[in-house]
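Below: the structure, in structure tokens.
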Amino acid sequence: MGLSRLAALHGVATSYSPSPDVTVSVPDDTVIAVLAALGVDAGTPEAVRRSLVATESRSRLLPPTVVVWAGEPLPPALTGLPPGSTVRVEPEPAAGGGRAPGSGPATGTGGVRPARAAGSAQTAGPAQTAGPAPETP
27 MGLSRLAALH GVATSYSPSP DVTVSVPDDT VIAVLAALGV DAGTPEAVRR
77 SLVATESRSR LLPPTVVVWA GEPLPPALTG LPPGSTVRVE PEPAAGGGRA
127 PGSGPATGTG GVRPARAAGS AQTAGPAQTA GPAPETP
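Position in the sequence shown (first residue = 1) + 26 = my numbering.
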């Protein structure tokens, strides 16, 4: 199961159909060799587990929610992105409450809903996330 999942994450087929009613499984040693050619260690069950964890964590660049306060340094989830990453931040004002930019955490029954950030990896260049969070109007 782990090897086939790892292969799928890297676009490596574990079977093929030479004719409509025939499916041929690719031998595990062939799948392992193809993954190795892609720079993925799958030589042992432990290596497959490590590679799965690494691949799945890379495929999810950001946690589901990242809270960014206006005028304050960006959290590690954003500053630790790989080179070439881009981030789009969409401020969401809180319903029934909120806070002024730079005024600290919200208190009381109101609150601030976090901004949504969508990350996508690019092929080259520095991450575009250095510095404090932008001020919101």
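Glycine included, C-beta positions come from ideal geometry on N, C-alpha and C.
Note that the structure is a prediction, hence the values are computed from the model and not measured.
Residues that DSSP places opposite residue i in a beta bridge
| i | result |
| --- | --- |
| V57 | Beta-bridge pairing links V57 to no other residue. |
| S41 | S51 |
DSSP state of residue i mapped onto helix, strand, coil
| i | result |
| --- | --- |
| T112 | strand |
| T49 | strand |
| P117 | coil |
| L35 | helix |
| G128 | Confidence is the limiting factor: at G128 the pLDDT is only 48, short of 50, which leaves the residue's position unreliable and the question unanswerable from this model. |
| G69 | coil |
| L78 | helix |
| L64 | coil |
| T91 | coil |
| L29 | helix |
| R142 | With a pLDDT of only 42 at R142, under the threshold of 50, the placement of this residue in the model should not be trusted; the figure read from the coordinates follows. In the structure shown, R142 sits in a strand (DSSP, three-state: E or B). |
Classification of residue i by the beta-carbon crowding that lies within 10 angstroms, buried from 16 upward
| i | result |
| --- | --- |
| S43 | exposed |
| S111 | buried |
| V79 | exposed |
| A68 | buried |
| S77 | buried |
| V66 | buried |
| V57 | buried |
| V50 | exposed |
Short Cβ contact (8 Å threshold) for residue i with residue j
| i | j | result |
| --- | --- | --- |
| T81 | L32 | yes |
| A39 | V52 | yes |
| V94 | L100 | yes |
Nearest residue (CA-CA) to residue i, options the options
| i | options | result |
| --- | --- | --- |
| G37 | A63, T49, V50 | A63 |
| T91 | T70, G97, V74, P117 | P117 |
| L35 | G97, A103, V74, A96 | V74 |
Check: residue i C-beta below 7 Å from any heavy atom of the ligand GTP
| i | result |
| --- | --- |
| V74 | By its list of ligands, the structure shown contains no ligand whatsoever, and the ligand GTP lies outside what it can speak to. |
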